[in-house]
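Trainee: In order, the protein sequences belong to chains V, P, U, H, B and L.
Residue 91 in the working numbering is what sits at position 91 of the first sequence, and the numbering runs on without skipping anything.
Count along the second sequence from 1, then add 1000; that gives the number in the working numbering.
Count along the third sequence from 1, then add 2000; that gives the number in the working numbering.
Count along the fourth sequence from 1, then add 3000; that gives the number in the working numbering.
Count along the fifth sequence from 1, then add 4000; that gives the number in the working numbering.
Count along the sixth sequence from 1, then add 5000; that gives the number in the working numbering.
Protein chains: 6
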Amino acid sequence: MTDTEPAPAVRETAESIATMEIRGAATIASAAAEALAEQAEAAAAADATASDPAAFRASMRAAARTLRETRPTAVSLPNALRYVLQRMEGDSVDRLRLSVADASEAFVRQLDRAQEDLGRVGANRLADGDTVMTHCHSTDALACIEAAVEQGKSISAVVKETRPRQQGHITAEQLRDAGVPVTLIVDSAARRYLDEVDHVVVGADSIAADGGVINKIGTSGLAVNARERGVPIMTAAQTIKLHPETLTGHTVEIEMRDESEVIDAETRGEIGEIAVENPAFDVTPPRYMDAIVTEQGQFPPESIVTLMRELFGEGAAEPWAEP
Amino acid sequence: MTDTEPAPAVRETAESIATMEIRGAATIASAAAEALAEQAEAAAAADATASDPAAFRASMRAAARTLRETRPTAVSLPNALRYVLQRMEGDSVDRLRLSVADASEAFVRQLDRAQEDLGRVGANRLADGDTVMTHCHSTDALACIEAAVEQGKSISAVVKETRPRQQGHITAEQLRDAGVPVTLIVDSAARRYLDEVDHVVVGADSIAADGGVINKIGTSGLAVNARERGVPIMTAAQTIKLHPETLTGHTVEIEMRDESEVIDAETRGEIGEIAVENPAFDVTPPRYMDAIVTEQGQFPPESIVTLMRELFGEGAAEPWAEP
Amino acid sequence: MTDTEPAPAVRETAESIATMEIRGAATIASAAAEALAEQAEAAAAADATASDPAAFRASMRAAARTLRETRPTAVSLPNALRYVLQRMEGDSVDRLRLSVADASEAFVRQLDRAQEDLGRVGANRLADGDTVMTHCHSTDALACIEAAVEQGKSISAVVKETRPRQQGHITAEQLRDAGVPVTLIVDSAARRYLDEVDHVVVGADSIAADGGVINKIGTSGLAVNARERGVPIMTAAQTIKLHPETLTGHTVEIEMRDESEVIDAETRGEIGEIAVENPAFDVTPPRYMDAIVTEQGQFPPESIVTLMRELFGEGAAEPWAEP
Amino acid sequence: MTDTEPAPAVRETAESIATMEIRGAATIASAAAEALAEQAEAAAAADATASDPAAFRASMRAAARTLRETRPTAVSLPNALRYVLQRMEGDSVDRLRLSVADASEAFVRQLDRAQEDLGRVGANRLADGDTVMTHCHSTDALACIEAAVEQGKSISAVVKETRPRQQGHITAEQLRDAGVPVTLIVDSAARRYLDEVDHVVVGADSIAADGGVINKIGTSGLAVNARERGVPIMTAAQTIKLHPETLTGHTVEIEMRDESEVIDAETRGEIGEIAVENPAFDVTPPRYMDAIVTEQGQFPPESIVTLMRELFGEGAAEPWAEP
Amino acid sequence: MTDTEPAPAVRETAESIATMEIRGAATIASAAAEALAEQAEAAAAADATASDPAAFRASMRAAARTLRETRPTAVSLPNALRYVLQRMEGDSVDRLRLSVADASEAFVRQLDRAQEDLGRVGANRLADGDTVMTHCHSTDALACIEAAVEQGKSISAVVKETRPRQQGHITAEQLRDAGVPVTLIVDSAARRYLDEVDHVVVGADSIAADGGVINKIGTSGLAVNARERGVPIMTAAQTIKLHPETLTGHTVEIEMRDESEVIDAETRGEIGEIAVENPAFDVTPPRYMDAIVTEQGQFPPESIVTLMRELFGEGAAEPWAEP
Amino acid sequence: MTDTEPAPAVRETAESIATMEIRGAATIASAAAEALAEQAEAAAAADATASDPAAFRASMRAAARTLRETRPTAVSLPNALRYVLQRMEGDSVDRLRLSVADASEAFVRQLDRAQEDLGRVGANRLADGDTVMTHCHSTDALACIEAAVEQGKSISAVVKETRPRQQGHITAEQLRDAGVPVTLIVDSAARRYLDEVDHVVVGADSIAADGGVINKIGTSGLAVNARERGVPIMTAAQTIKLHPETLTGHTVEIEMRDESEVIDAETRGEIGEIAVENPAFDVTPPRYMDAIVTEQGQFPPESIVTLMRELFGEGAAEPWAEP
């Protein structure tokens, strides 16, 4: 390997991410952080980089770029890379290697327990006897409710079916299995049931520096109604969902999904020439969200930017870019 | 027939309404008003009532009660009866008969052109180039959009599918047929598309004296978001939808429909023991609705009570009740 | 008696009102309406007025002025006078007398049943199982809750003590006697309990043409919080509380009561030189009130002006003023 | 003259309005009402119409059309015509003529004292020591402030200059002449001074059936800020400003004025190719306006539609149209 | 003493706190921080811990636990422990001891001047001539007003009596002594007087990570009204009031106090079987609070979590827990 | 020079700032930071301070005070001094000198690229095809729009003229030169055009610790309307605009400018005795601002305090004050 050619372990991980052998936000992030540790190990042993701190750093950046390019739109992957590179420091290759190993290990260790930690934080917001409303399916949101049940609290749930893909059915099933009495409703019935609900709990696809929560389409409309009805609403999201590119003002592009999720071809044919739009997500402004619950504790959405900068850097530049 | 026994025409109409041979809000109302005119004709000819104004009035009230009982929950039926009985006046049977005939005819004549008149009023609120958003399927709401097209305005529509029964498909088809470009979305995508919309147009199942609009579930949540996004929203509803019982504080009972509309039995079986709730309607407070468009012109929801009292009486007592 | 000198019955009633032998808003109003009928009777029999319609009218206005002056700040008194004079019509003294007698009788008859009618209207807004919150003590507000109980609904109440005079204690006792479970709280605890409350029910001292509700100090702050928490709030008030002078923009002067209601002299002495202010009422803007419940039905506050004009005239001039 | 040819007096008035010899909302309305009375006089004397009620009515409609066409966009003109035709009734030409004469006279009499009456109503809303804020120049708004001064109240004013035509200068001068201390500010400074202001008082160009107030550009932005700062805002407008066409949903077209009012040609030339837009008016939604003050008393904007229908008819059809 | 047995000084302090010989949030916190410094001194001299950094750390944790257990619900006590343990660092016992001594001293030094520093910050927000409104009695809030007076500003106060315990009387007296003109009002009169007030100043019982301010019952209702009236509101609170357990989502339990504070036994007996609820505190959401004023400067409530983490750690674990 | 006498370079810079030879927020800040570096150089070479760290520090503080006093009201000047002094650290004069040199250089380097970096961040918030609204003239705001154009996005602008000084004309010209189609409007027309606008972009005169944005008069009223219309609004401001004195509660004094900017003497003379007020700036509360865009990334206004403390210290004391 040349001085900036990634180690075999990095190449393997990159390929597995690209082929989706490795998938899921947390699994990808974990693998990427570990690959960087292996790169550091390899670079510390390689002739070209073993005694040249600058070359070592360059090889780390190159490895990060290789990993980054496998999935340009994932959020957890660059967060893993940022976390580790951000903490790479030292004047010698040995210290550099050690700092990378430590950061990689810390990142993976936290990630392993993130959902459990987050669940406990969210559960602490819920009281015995509470009814929660859910939208879509989020394992982070479920972790909060399940942790509350484990704390011995009696929790009921109003579950929105969440068209077009009806992920509410999965949520209903998992809550049911956790012993939570479930009432299933269509999305349009949400406001009517808010008066019987103590907390709305949703997940997040990603979270922006300005406090906006990007989540399944319908979240923002639900949040506006929750505020109007006086019902607190929280987002449960691990910190790997924080979107550092938004620090520099970048907006998150909203995926448009296939129309067949909304209407089957036959019905559409009968109706005639219409357009069907199927955006996957929307953005909830911070003023309609009461708290973001992470494994690092809870935050008002307006201050999540501080956590984002602390964990993943200030975002003015990508740490894997050549200086 | 005894002095208070309804005329055969009344009995026939009552039966046809009861068996749903006669159905649809406007058709029922029309038939009821006409039956009262026939009752007046018969009573003016019958021995027991021909020369006794009090007996004539009693026979009219009895006929109204007979008609009223066929469908206790319809709104248009009692409105027709109220409209006519409210205008019955005179000291002689002849004048009473005449006033009933006139009121019946006026009511039917207005009803015949109500949707067309209402459509023009609603169309006047729309401008060339506007995009409207619709919820559910309402012929009154459609009449506004179609009248705007007939006025030569170019109108586009964002149509919410309106789970669980997807009446948005019917709306999409009819707008498409009227030459209106249609974009179909799931209910949860509404807030995201509000920024591209100039007016929200909905119908009403009924309208309460306190200005609340009872309409298909999801209307109130849409209205709250329309206000938050600064988009005007109007309800298109003929005056037969005004609910005079609400003058005396009665609330409108919201129908709960079958859970099979929301989830098929098989999926439900797989999920396990959950409840499914399927309310058909909700109530939008007047502060979230900009205008109610009727065939008598447009009104802020807060003043619809005045029209209700003018048309159908003050509601303290039912005009068919024995004094 | 001269042509404009009030009949003895009028003078007696005036004196009894002035000496507070006759008191209470409804009792005063009733007595005043009856006095006008007696004046009409007397004037129709007196030489100077028996055959001169203009003189008859002048004597009625004079009688009204005599009654009006006994209590310049009461609202129900001028409303009674307005109601009757407003309906005085005819070309002959006989017809004038009759119209006054009819109007007086109609007014008294309605007044007799007003609270009961109003109570039923308000009760219809409440549902079985509801918890209501009350402020101060209002027999109109209580009539709504008691009527709901009579309708077989199970109602609970959160009663604000209502400093400084603690009229909440009277409310608590009367609700308790009506079989309503009561929870007493201090005024400051209201917002905290709003989440457990389905309706706020208050009375009114008077109601202004712009929809403002003048009621016991603290009502407006409670209303703002009820709106923020999504809890509907209604004012229960007989139509004799409508304040026709506000039609012409007059504001209602708020009584400042003695400081000893707020703090006893000893404590005040210990504290030192402070001011104590003790306003009796405040004004709740119509946008924070959902409905005004009267014996004529319920109204959004924004349209109460229509009822006010219908019952008591358009207020541009006082009907007892000399033209 | 043929049976539907207008009387000479009508033709003269029409011409004077068309040539703007007669101008000003009130003057036009007065002249039009009087012309109709003269038409009635003439028609009652003319062969073709003297004994034919239908022909008489037709001639009145024709006269109204002639007057109407002189100024298609004025609001006060059709209001005058509506007011009179609306009150034309009777089975004989004589009764018809009389009803027209009476209506015409009543209209003119009210109009003569409208501003004074309105001023007193508005003044009653103000308290001694109040500071008011004004926007643009409105004699109706000024009438309120001046009447308050005449009532002996001490009033101060914060006057917005109201770009682009700086009508605030006229307001400042007239208030100054009335003894009101004036502070002049630029439009952008309004929010900052709202905290020192007790009432905002504006006029209206016209008022819509949905409660929207059409007034000088900038009114709506001021109203939104007044609400946010908790400062009450009222519109002072005579009832001839009510816009009956809006009953049927018509929106009021906003005049676009010349760009030279905004920027002089030279500066514009230096800047280069830009557009300049100069809309004259905007629409304030009723929820941001506390009261509309008219010579008939004050109304919440949401109920002005009732007054509009009472004065000028229900607007479903124009009373001068052939049936 | 064994390696983890607290030093005598710690045991004494613990006992004095438990017996409430030492009380008051600041005094307890000070004593706890000093006890830890004494523990460090003792542990550095004891055989078992003098040369074993791990044992030294364990002894510090044990001491902290001993102190913590004396008052499980106080906020300032764990904050003192967290502050010191958080800053304990070093590889040798000597460095550990030194870091504890430094942290303890810094904490106490800051605490000593906290109220004075905080007062100046709060005073800087007030302007000469301002009127402030207060709720309950808070020495931190008073410090702001008194500092403003010391800065030569003329300040007036509207003091809410604050039922049920009328702590407003104490506030009134202390402000009066500071030369501040005071007007005392009942709690319900607050909204009415907000229009005459420039700032609302309240204290805090504790402050949550989500920006919620826990303070005397009635604060949240006052804050909602202050926002509606456009009046800024600030919380004055030393940083020892920040509640680190809320970082992990824990909610603050609201004490229910005895009913006798609300109603005397005799009156209660007369009323009959009612419940009386007497919650001591409520939670004001951050969106209704403009600033939190601390001795470290002012913060929007939404960012107080950052200060909390900086001072007292990230709260994922209690620093005195065994790892 | 004595131990605390500033070096000649400092004195020269101070004089140039005082005489306004050096002006503009960024230029002043740059010069001040560089002067401190020169002072450090000089002090490290001077006898009295070369080997006495305490004396060296004292000379740095003295130099800072000299610079500070030249312009007591500028914000960027003390920020430069704070930034550098805040980072002065070390036990030896050599390390102290080096830390000052490094901090000075870092500060100047960041400042040089601040507007460009900030522009990119702001540009990222804009989308192709967006229309922006501007108020006044701000090079930071323009940088965002121009960067968006450079990114290839098509941007249009609605430019408020911004009375009284019409800086909108400069903005119009510069945007025009950048190829942005411009529509110029008067300030009062803003709300009407908000419906056609995707983003409002304004600059800032300074930004307070509580998230308030101090900017040209009219900004706050625009922001309130932008929120009401659902249009996002951002402030573009380099971090030298952050106002650290506000950390301690200080409010920013608003300059009152000459009345001749508002009205020429002649017109004023004609109007008579009026006051003219001409405040230069106003304060927009954080709840009406969506984001503050800086060269360090974007922040919700509620968390800008964190950046302020990070860059310029905690503000409890001025770092140039003698301890």
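From the three backbone atoms N, C-alpha and C, an ideal C-beta is built for every residue, glycine too.
(1) Cutting at 8 Å between CB atoms, please list the residues of its own chain near alanine 2143(U), excluding the five before and the five after it.
(2) On the three-state DSSP scale, how would you describe histidine 2169(U)?
(3) Considering only C-alpha positions, which residue in the set Arg1061(P), Ala1147(P), Met1133(P) and Thr1066(P) is nearest to asparagine 1124(P)?
(4) Kindly say whether glycine 5090(L), judged by its beta-carbon, lies nearer than 8 Å to any beta-carbon of chain P.
(5) Identify which residue in Gly5024(L), Thr5131(L), Val5093(L) and Pro5053(L) has its Cα closest to the Cα of proline 5232(L).
(6) Between the Cα of arginine 4109(B) and the Cα atoms of Asp4047(B), Thr4027(B), Ala4208(B) and Val4075(B), which residue gives the shortest distance?
(7) Look at alanine 5029(L) and leucine 5077(L) and say whether their C-beta atoms are less than 8 Å apart.
(8) In the DSSP assignment, find the alpha helix (DSSP H) that holds serine 220(V) and state where it starts and stops.
(9) I'd like the list of long-range same chain contacts for lysine 3153(H), defined as Cβ closer than 8 Å, with 5 residues on each side in sequence excluded.
(10) Which residue comes first and which comes last in the beta strand (DSSP E) that contains serine 156(V)?
(11) Tell me whether alanine 5157(L) is buried or exposed, calling it buried when 16 or more other Cβ atoms sit within 10 Å of its Cβ.
(12) With 8 Å as the threshold, decide whether the Cβ of serine 4303(B) is near any Cβ in chain V.
(13) Could you tell me whether any Cβ in chain H is nearer than 8 Å to the Cβ of glycine 4179(B)?
(14) Mind checking methionine 5234(L): buried by the 16 CB within 10 Å criterion, or exposed?
(15) Is there contact between the region 1014–1022 of chain P and the region 237–251 of chain V, where contact requires at least three CB pairs shorter than 8 Å?
(16) Note down, in chain order, all residues in the region 1188–1222 of chain P with a beta-carbon under 7 Å from any beta-carbon belonging to chain U.
(17) I'd like the list of long-range same chain contacts for valine 262(V), defined as Cβ closer than 7 Å, with 5 residues on each side in sequence excluded.
(18) If we count the other Cβ atoms within 10 Å of its Cβ and call it buried at 16 or more, is glutamate 5089(L) buried or exposed?
(19) Can you tell me whether DSSP reads asparagine 1215(P) as helix, strand or coil?
(20) Do phenylalanine 281(V) and isoleucine 214(V) count as a contact pair if the criterion is CB distance below 8 Å?
(21) Quick one: what's glutamine 4298(B) bridged to in DSSP?
(22) Looking only at its chain, what residues have a beta carbon closer than 6 Å to the beta carbon of serine 3220(H), apart from the 5 residues adjacent to it on each side?
(23) Taking C-alpha atoms, which residue in Ala3189(H), Ala3141(H) and Asp3047(H) lies nearest to glutamate 3005(H)?
(24) Let me see if you follow: with CB-CB separation under 8 Å, is histidine 4243(B) close to chain U or not?
(25) Determine the closest residue to proline 72(V) out of Ala40(V), Ala14(V) and Val100(V), with distance taken between C-alpha atoms.
(26) Could you check the C-alpha separation between proline 1053(P) and glutamate 3322(H) for me, to the nearest Å?
(27) Could you tell me the boundaries of the alpha helix (DSSP H) in which alanine 5190(L) lies?
(28) Just tell me which of Ile3271(H), Met3060(H), Ala3035(H) and Gln3296(H) has its CA closest to the CA of aspartate 5177(L).
(29) Compare the C-beta of threonine 5019(L) with all C-beta atoms of chain V and state if any pair is closer than 8 Å.
Mentor: From the atom records:
(1) Gln2115, Glu2116, Leu2118, Gly2119, Gly2122 and Ala2236
(2) Collapsing the DSSP output to three states places histidine 2169(U) in a helix.
(3) Ala1147(P)
(4) Judged by the 8 Å Cβ criterion, glycine 5090(L) is not in contact with chain P.
(5) Thr5131(L)
(6) Thr4027(B)
(7) Going by beta carbons, alanine 5029(L) and leucine 5077(L) fall inside the 8 Å limit.
(8) 219–229
(9) Within the same chain, lysine 3153(H) has close Cβ partners Ala3123, Leu3126, Ala3127, Asp3128, Gly3129 and Asp3130.
(10) 156–160
(11) buried
(12) yes
(13) no
(14) buried
(15) Result no; under three Cβ-Cβ pairs closer than 8 Å.
(16) Residues Ala1209, Asp1210 and Gly1211.
(17) Once the five neighbours on either side are set aside, the close Cβ partners of valine 262(V) are Pro164, Val276 and Asn278.
(18) exposed
(19) strand
(20) yes
(21) Val4293(B)
(22) So the qualifying residues of the chain are Asp3282 and Thr3284.
(23) Asp3047(H)
(24) No, histidine 4243(B) does not count as interfacial toward chain U.
(25) The residue with the shortest Cα to Cα distance from proline 72(V) is Ala14(V).
(26) 39 Å
(27) In this chain, the alpha helix (DSSP H) harbouring alanine 5190(L) covers 5190–5194.
(28) Ile3271(H)
(29) no
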